Each structure stands twice: as structure tokens, then as C-alpha cells.
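Visitor: One structure, pasted below without further comment.
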Amino acid sequence: MNHSESHLDVVVIGGGINGVGVAQAVAAAGYSVALLEKSAIAAGTSSKSSKLIHGGLRYLENFDFKLVRESLKERELLLQLAPTLVKRLPFFIPLYQQSSRSTLKVATGLMLYRLLAGFHSKTGFRVVHRREWEQLDDLKLDGLKKVFQYWDAQTDDVALTRAVMRSAQQLGVELHSPAEFLCAESLDHGYRISYREAGATRQMQATIAVNAAGPWADAVAQRFKPALPVIATQNVQGTHIEIDMQLSRGAYYLEAPADKRAVFVIPWMGRTLIGTTETLYTGGPDDVHPLESEIDYLKSVFSHYFSNGNIEINAAWAGLRVLPAADTSAFTRTRESSIVADDAQQPHALTVFGGKITSYRVTAGKVLQLCKQTLEKRSAIADTAKLHLET
Ligand SMILES: Cc1cc2nc3c(=O)[nH]c(=O)nc-3n(C[C@H](O)[C@H](O)[C@H](O)COP(=O)(O)OP(=O)(O)OC[C@H]3O[C@@H](n4cnc5c(N)ncnc54)[C@H](O)[C@@H]3O)c2cc1C
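In the working numbering, the protein residues as written are 222 to 612.
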């Protein structure tokens, strides 16, 4: 053993929302932690999201009540902990003669959403009166039969991820970025981790390695000796476009005419985001980019619903969701995270698959519980449910 190598309780690989969330939670529980990020904090999927802190109204259609309830609880907590980063946003759902979801179905979904959020919070919904329709950002009124308005929340995904990282550093987490994890060799009680930082290859040891590399998780698992167990997943690409239009009332939850998927039109920094798509992706995660067909699909949803002809695209980007492999449509597959351990009783390596920005603390909490099975008991130094996050 090289005695100059530092030995930590936990090394986290990946500085997306899941990695920084795990680092924060494990450090708050009193353990020593380092985090390796190969590019920059939030450089991966965590900067390509729809930027919603939400329960996910549409997951109710898949009867994913547990995930919705859990995410709504997190939404309310994040609104309190990070008021400058997470803000309530009104959403409008226009229903037309040709909409596939009936008024009754949407009203029932909104009622359930409210119920799952807890009636105490500001989570009501309403039917928007006809006289207000004219003020709905050039929304086409032809065939419009009902408009519902409800509340969810929005964040700046990069700023939120950075804020959680800063909170983790305040709890003592050692950040290495840019620092690429190269490989891990199994030791009696943990791993020797090799990583590249500032042009040099360096080592550290850790009792537990957490692979939170998002769409790169399979590749990172293969760099362990022996390779870490994984579950069958698929990377599904989601594209957003940004157009030069300012929404005055809030966000719109629309049904894509082509395939009935939900597409959001969201106000973002004085402009408008339209997203997203779900396209199976089999290439390397570093090469993902928006496809022309996805851009056309998003433009066509927008022009189907809005009479504003200005769809000059300022920017387009794509991110990758890690979803459980299946033959069913990506739209219906769960967004709940899965954690795979190398050993069910005393794990020394854990891999995080999937999840949502909204529920990063829930994912981190599950990882922490597994870490505690292996690590010695320590006194907690903080509670992430009480730590404020600043811009
Ligand atoms: C289109 C789209 C829209 C979404 N919208 C929402 C939404 O509105 N709300 C919501 O709650 N969730 C949303 N999600 C889900 C959410 O964005 C993801 O679940 C979350 O960002 C995943 O975070 P992560 O930390 O697992 O992965 P990532 O953010 O991808 O982080 C992984 C990190 O690992 C690093 N890494 C990889 N390999 C190595 C290595 N060898 N060494 C060191 N570092 C490495 C990468 O650079 C990267 O920074 C959306 C997802 C997509 C794709």
C-alpha cells in the first residue's frame, strides 16, 4: 500500500445532481467524501433537463403514485430550502375538441395531484374563465373547450446542482474537477481509485465507491476490477429548443398531435423552451446532439398550438435519460432511480441509475442507507432537509 494515498469513507464519481446530492448526504452524516467530475459540475444530463421541480402530473397516467407523492414532497421542501433557485410556476393545460385526454380525466388527475401534494400547500388548480383565454400568449382558440391552470415549480438545473455541490463542500467534501475517474481496483476493504487530474494520474482509496456517472454509468462500471454489476438500461435522448419569444402567463402543458405525448412550452430567462422528445440513443454519451427530426417535431407542436409565427431557434440541445430497458414506450417507463450494490449486505460499490433532479435527495438518502451498512457509525453533522441552498 502506498501510504501517501488518502483513504476516504466514500468516493463519488460524477458531479451531476445525483453525485453532488450523494456527496452532500454522506458528508452530512459525518463521513469523509471526495467527488470526481471529469468535465464540470452539471456538465451532463443535469444541465439538459426541462428545469422543472415537479411531481410529474403525467406519471399519474402510469399509476406511479409513489414517485409523484415523493417528488411533490421534495418540491415543497426545495421551495423552502432554495427560494432563490426553485420558484413556483403556473401551468396551463388547454383542451381542444380533438384532445385525446378528456376534461374529466384531466380534472381527476389534477385533483389527485393536489391530494398527493397535501392540501395544506399552495397547490390548487382552477378552470380558466373564457374571458381570460385571449391573454394566454397567442394560444390558438379555435376548437378550445377548456383550459385548466395548476402550479408546479421551476429551477435553474445548473445553478441548483452547483449550489448542492457548494453545500457539500461546506460539509467537508473534497471536490476534484476536472478529474476523470480512470479505474478502480478492489482491495480488502474498499477500492484503490485512479483518476486523472491536471495532466497527472493520481490515486486515492475509499471504503465505498459510488458510481453516479449518469449515462456514463455503464462505462464507469466496466472500469472497475472486477466490473460492477449493472441492470439493463437504455439511454433515451431528450431534446429542447429555445425560441426568442416571451411567455407572459406561465408554462403550457400540451399534447403532441402526432403521438399524444406531453410537451412543455416553458418561460426561460426571457425566452421560451420547448421540450422534450424521447429518442432511443445507442451512441457514446459525449456525442449526443439534437436531431433534425426532433427539432421539427417540437416546432410542429408549438405551431399547432400558438399563432405566434416566430419560431426562430436560438439554441437546441439534447440530454440523456437513463431508463430501465424495455420494449414499451419511453414515455411510460418509471423515472424512479435504481441503486445497484456489489454486495447486498456490505456494499463497497454502488451504482445509481436514472432518477429525477426533483428527487435527488431521495436518491441520495437511499445511497446513504446502503453506505451505512458498511461504514462505522458516525454522528451526523447536518440534516440535508434543513440546509439552505444559495444561488
Ligand atoms: C430531456 C430531459 C429532461 C428532464 N427534465 C427533468 C425535469 O424537468 N425535472 C426533473 O426532476 N428531472 C428531469 N430530468 C431527469 C434529470 O435531468 C436526470 O435524472 C438527472 O439530471 C441525472 O443526473 P445524474 O447526476 O444521474 O447524471 P448527469 O447529470 O449526467 O451526471 C453524470 C456526471 O458524471 C460525469 N462523469 C462521467 N464519466 C465520468 C468519469 N469517468 N469520471 C468522472 N466523472 C464522470 C459526467 O461528466 C457528468 O457530469 C430530465 C432528463 C432529461 C434527459
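Backbone N, C-alpha and C fix where the C-beta goes; we use that ideal spot for every residue, glycine too. All values reported here derive from a predicted model rather than from experimental measurement.
Note down, in chain order, each residue of its chain lying with its Cβ closer than 6 Å to the Cβ of Ala-434, except the 5 sequence neighbours on either side.
Guide: On the sequence shown, position 213 is the one that residue 434 refers to. Taken in chain order, the residues that qualify are Ile-234, Gly-235, Val-441.
Visitor: To the nearest angstrom, report how far apart Asp-517 and His-461 are at their CA atoms.
Guide: Residue 517 sits at position 296 when you count from the first residue of the sequence shown. Residue 461 sits at position 240 when you count from the first residue of the sequence shown. Going by the C-alpha atoms only, they are around 11 Å apart.
Visitor: Using alpha carbons as the reference points, say which of Leu-306, Val-247, Lys-287 lies closest to Lys-272.
Guide: Against the sequence shown, residue 272 aligns to sequence position 51. Nearest C-alpha to Lys-272: Leu-306.
Visitor: What are the start and end residues of the alpha helix (DSSP H) that includes Arg-444?
Guide: Residue 444 sits at position 223 when you count from the first residue of the sequence shown. Where Arg-444 is concerned, there is no enclosing alpha helix (DSSP H), given that its DSSP letter is neither H nor E.
Visitor: Can you say whether Thr-329 is buried or exposed, counting buried as having 16 or more other CB atoms within 10 angstroms of its CB?
Guide: By 1-based counting over the sequence shown, the position of residue 329 is 108. Classification of Thr-329: exposed, given that the 10 Å Cβ count is below 16.
Visitor: Where do the ends of the beta strand (DSSP E) carrying Ser-407 lie?
Guide: Walking along the sequence shown from the start, residue 407 turns up at place 186. For Ser-407, the enclosing beta strand (DSSP E) has its first and last residue at 400-408.
Visitor: For Ala-427 versus Val-231, is the C-beta distance shorter than 7 Å?
Guide: Here residue 427 refers to the residue found at position 206 when the sequence shown is read from its first residue. Here residue 231 refers to the residue found at position 10 when the sequence shown is read from its first residue. Yes.
Visitor: Does the separation of the CB atoms of Ala-246 and Thr-605 fall below 7 Å?
Guide: Against the sequence shown, residue 246 aligns to sequence position 25. Against the sequence shown, residue 605 aligns to sequence position 384. Ala-246 is a Cβ neighbour of Thr-605, given a cutoff of 7 Å.
Visitor: Cutting at 6 Å between CB atoms, please list the residues of its own chain near Val-349, excluding the five before and the five after it.
Guide: For the purposes of this step, residue 349 is identified with residue 128 of the sequence shown, where counting begins at 1. Closer than 6 Å at the Cβ level, and outside the excluded window around Val-349, lie Val-368, Gln-370.
Visitor: Ends of the alpha helix (DSSP H) at Phe-286?
Guide: Along the sequence shown, one-based indexing puts residue 286 at 65. Element bounds for Phe-286: 286-302.
Visitor: Sorry if obvious, but does the Cβ on Ala-570 come closer than 6 Å to a heavy atom of ligand 1?
Guide: One-based indexing of the sequence shown puts residue 570 at position 349. Not under cutoff, so the answer is no.
Visitor: Use the C-beta contact count for Met-332: other C-beta atoms within 10 angstroms, 16 or more gives buried, fewer gives exposed.
Guide: Locating residue 332 in the sequence shown gives position 111, where the first residue counts as 1. Answer is exposed; the Cβ neighbour count stays below 16.
Visitor: Of all the options Arg-296, Ser-292, Arg-444, which has the alpha carbon lying nearest to the alpha carbon of Ser-415?
Guide: One-based indexing of the sequence shown puts residue 415 at position 194. Taking only the C-alpha atoms, the option nearest Ser-415 is Arg-444.
Visitor: Would Val-484 and Val-522 be called neighbours here (beta carbons separated by less than 7 Å)?
Guide: Here residue 484 corresponds to residue number 263 of the sequence shown, with the count starting at 1. Here residue 522 corresponds to residue number 301 of the sequence shown, with the count starting at 1. Against a cut-off of 7 Å, the Cβ pair of Val-522 and Val-484 comes out as a contact.
Visitor: According to DSSP, simplified to helix, strand and coil, what is Met-222?
Guide: Here residue 222 refers to the residue found at position 1 of the sequence shown. Any answer about Met-222 is weak, because its pLDDT of 46 lies below 50 and its placement is not dependable; what the coordinates show is given next. Note: Met-222 maps to coil in three-state DSSP.
Visitor: Quick check on DSSP: helix, strand or coil for Ala-618?
Guide: No statement about residue 618 is possible, as the shown extent of the chain runs from 222 to 612 and does not include it.
Visitor: For the alpha helix (DSSP H) containing Glu-513, list its first residue and its last residue.
Guide: Within the sequence shown, residue 513 is the residue found at index 292, counting from 1. Note, Glu-513: alpha helix (DSSP H), 513-526.
Visitor: Note down, in chain order, each residue of its chain lying with its Cβ closer than 6 Å to the Cβ of Glu-395, except the 5 sequence neighbours on either side.
Guide: Here residue 395 is taken as the residue at index 174 of the sequence shown, counted from 1. Closer than 6 Å at the Cβ level, and outside the excluded window around Glu-395, lie Ala-255.
Visitor: So if DSSP puts Tyr-474 in a beta bridge, which residue, or which two residues, is it bridged to?
Guide: For this step, residue 474 is matched to residue 253 along the sequence shown. In the DSSP output, where bridge partners are listed per residue, Tyr-474 has Phe-485.
Visitor: From this set, Val-486, Gly-237, Gln-567, which residue's C-alpha is nearest Gln-375's C-alpha?
Guide: What you label residue 375 is simply residue 154 of the sequence shown in a count that begins at 1. Selected option, being the one with the closest Cα: Val-486.
Visitor: Nearest to Leu-215 by alpha carbon, out of Arg-347, Ile-578, His-569, Asp-285?
Guide: The chain is shown only over 222 to 612; residue 215 falls outside these bounds and no answer can be derived.
Visitor: Cα-Cα, which of Arg-556, Val-431, Ile-464, Glu-611 is closest to Gln-590?
Guide: For the purposes of this step, residue 590 is taken as the residue at position 369 of the sequence shown. For Gln-590, the nearest C-alpha among the options comes from Val-431.
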